[in-house]
Amino acid sequence: MNTNELYTAFAGTERVAQGDRAQVALAVKILAEAKEPRAVLVFADPTGEQVDLDLRGSVDDVSARHAATSTESPGADPARRPPGRPRLGVVGREVTLLPRHWEWLNAQPGGASVTLRKLVEQARSGKRDQDRIRRSREAAYRFMSAIAGNEPGFEDACRALFAGDRKSYAARTRDWPVDVRDYARMLATEAFDPG
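To convert a position in the sequence shown, counted from 1, into this note's numbering, add 1.
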């Protein structure tokens, strides 16, 4: 888990918490135990995806459980690592190619694996801006679909978002509840070309 990942919780159209997973889980647990509990939706800020938090047990249980989850990092426990060479994040998967593709890959310096990694990195670096814009649009759309679907101008705001029309997006979201509008705009910060 990325310890820098932030979450935001909404009770209806009101933002009720924002922070790391442990902070938001604690705030949501306290709201759930209030005299008049409110339904709460929690979103991962980088993706706009709705997430479920484990709120079982007492406030202390929830706080401890999510604090432990927030501080874990992959490969943190060297005692659990098997003996031998470290994996270095390499994942083996199957790739289906035509025979002529395999012939070309195998004839390249370093072989098929090295060549494929180079080609992927080359493609990734050439599309960084496009990928950033796409991720921002998708994050904003996920959130908007979950919370703002009944807001005035929702469809027009979605069209403006995917058309890359910053001014129209701002205009279409202007009359939305303040917390919803501000969070949707924050998620869409990188959804528009800088030009």
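Note that beta-carbon positions come from the ideal geometry of N, C-alpha and C, so glycine has one too.
Identify whether residue i lies in helix, strand or coil by the three-state DSSP scheme.
i      : result
Thr174 : helix
Val17  : strand
Phe155 : helix
Arg182 : helix
Ser64  : helix
Ala189 : coil
Thr97  : coil
Lys168 : helix
Gln109 : coil
Ala149 : coil
Pro79  : Here the model assigns Pro79 a pLDDT of 48, short of 50, so the residue's position is not dependable, and the following value carries that caveat. Residue state, collapsed to three classes: helix.
Glu34  : coil
Leu57  : Note on identity: in this sequence residue 57 is Arg, with Leu being the wrong assignment. The answer is coil: DSSP assigns Arg57 none of H, G, I, E or B.
From the options, pick the residue whose C-alpha is nearest to that of residue i; which is it?
i      : options                          : result
Gly13  : Gly111, Val91 and Val41          : Val41
Glu6   : Lys30, Phe44, Val17 and Ile31    : Phe44
Arg135 : Gly20, Val29 and Thr48           : Thr48
Ala140 : Ala171, Met187 and Trp177        : Met187
Ala10  : Arg66, Gly112 and Tyr184         : Tyr184
Val25  : Ser64, Arg39 and Arg182          : Ser64
Asn151 : Val115, Asp62 and Val181         : Val181
Leu54  : Gln131, Phe193, Ala164 and Ala23 : Ala23
Thr174 : Ala164, Asp157, Ser59 and Asp132 : Asp157
Arg94  : Asp62, Ser114, Leu162 and Gly165 : Ser114
Val91  : Arg118, Cys159 and Phe155        : Arg118
Gly165 : Glu104, Arg101 and Glu191        : Glu191
Gln19  : Ser59, His102 and Asp46          : Asp46
His67  : Ala147, Gln131, Asp21 and Leu162 : Asp21
Asp62  : Lys36, Ser126 and Lys30          : Lys30
Arg167 : Leu99, Asp194, Glu37 and Gly112  : Asp194
Val60  : Ala35, Gly111 and Gly154         : Ala35
Under 8 Å by Cβ, that's how I've got residue i and residue j pegged, so tell me the actual separation to the nearest angstrom.
i      : j      : result
Leu32  : Val17  : 6 Å
Arg138 : Ala189 : 7 Å
Glu50  : Arg143 : 6 Å
Ala149 : Trp177 : 6 Å
Looking at the strands, I want to know which residues DSSP matches up with residue i.
i     : result
Ala45 : Tyr8
Val52 : Val43
Query raised in the report: What runs of the alpha helix (DSSP H), each 4 residues or longer, lie entirely inside the segment 113–143?
Result: none
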